[in-house]
Amino acid sequence: MKIALMDSGIGLLPAAVAVRRMRPDADLVLSCDPDGMPWGPRTAEDLTGRALAVARAAAAHEPEALIVGCNTATVHALPALREALEPRIPVIGTVPAIKPAAVGGGKVAIWATPATTGSPYQRGLIRDFAEGAEVTEVPCPGLADAVEHDDAEGVRRAVAAAAALTPRDVRAVVLGCTHYELVDEQILAALDRPDLPPVVLHGSAGAVASQALRRIGAEADPTAPPTGTLTVLLSGRTGGLPAAALGYPQGRFLESAAAAR
């Protein structure tokens, strides 16, 4: 079994770890774009071109499925990626986990990039999946970039600013950018209110990994032999995990698991 994941940078790490934990025997291909990142400020046409190049580099390794581990690329490039690769390679996009966060109503906050916050895309998801919930959209300027570069002080400032915009009594927070899952502990700490129940964060990594397995007719088997390999592509070139990736437990886990093969 071989599953590929793509992103401009290290936002694909949480989904890659989820796949690795569900299927330790799966070979992983991680395709990033250090030459073209960040994708967020690019036009939709330019971003789609970069995404197609990264996807084709991964497809050359003949994976059984491709996970688009990036919310922005999913919004702008998913139709083009599917047109280029399916049905030979199923393409699984990443959608913010608004639906599970809004189950039962209540107050929900969605942390996302400034470009996504208030966008027709996100507003459509809120309309379709958050009926009955009171939703606050929280822009997080600089957070994804700080995470990407393992900038601890930048992460601290961006998380604190987003927490200040989050209503005090919100107990369900959707992480609307895959990078944010890499700093979930810092986010939880910033939102902690001793007099209120704990905050529940809703990321997409587990659901995306499960969907990838379903698309190829496989089931999760955490007890499978840990024989899966790791291939890293950097704008199409074979390389290693970026140094910033190793600043996070997810990156170190993937590297150590691969080294143990």
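Position one of the sequence shown corresponds to residue 515 (this note's numbering), numbered consecutively onward.
Quick reminder that beta carbons are idealized off the backbone N, C-alpha and C, glycines included.
Quantities reported herein were computed from a predicted structural model and do not represent experimental measurements.
- Query: Rounded C-beta distance between PRO614 and PRO655? I'm assuming under 8 Å.
  - Reply: Rounded, the Cβ-Cβ distance is 26 Å, inconsistent with contact.
- Count the other CB atoms within 10 Å of the CB of ASP706; is the residue buried (16 or more) or exposed (fewer)? exposed
- Message: On the DSSP bridge list, what partners appear for MET515?
- Response: Note: MET515 sits in no beta bridge, so no partner.
- Task: Alpha carbon to alpha carbon, how far is PRO763 from LEU744? Give it in angstroms, no decimals.
- Result: 16 Å
- Item | Nearest-angstrom Cβ-Cβ length linking ASP547 and ARG534, presumed shorter than 8 Å | With 8 Å as the limit, ASP547 and ARG534 do not qualify as a contact, their Cβ atoms being about 22 Å apart.
- Beta-carbon spacing of LEU544, VAL669 below 8 Å: no
- Message: Excluding the 5 residues flanking ALA723 on each side, which residues of the same chain have their C-beta closer than 7 Å to its C-beta?
- Response: ALA529, ALA532, VAL533, MET536
- What are the boundary residues of the alpha helix (DSSP H) that PRO708 is part of? Neither: PRO708 is in no alpha helix (DSSP H) and is coded neither H nor E.
- Message: Need the endpoints of the alpha helix (DSSP H) that GLU662 sits in, please.
- Response: 657 to 662
- Message: Assuming SER724 is part of the alpha helix (DSSP H), what are its boundary residues?
- Response: 719 to 729
- So what does MET551 bridge to, in DSSP terms? BP columns for MET551 are empty, so no partner.
- Query: Starting from ILE524 and walking both ways along the beta strand (DSSP E), at which residues does that stretch end?
  - Reply: Counting along the chain, ILE524 falls outside any beta strand (DSSP E), and DSSP gives it neither H nor E.
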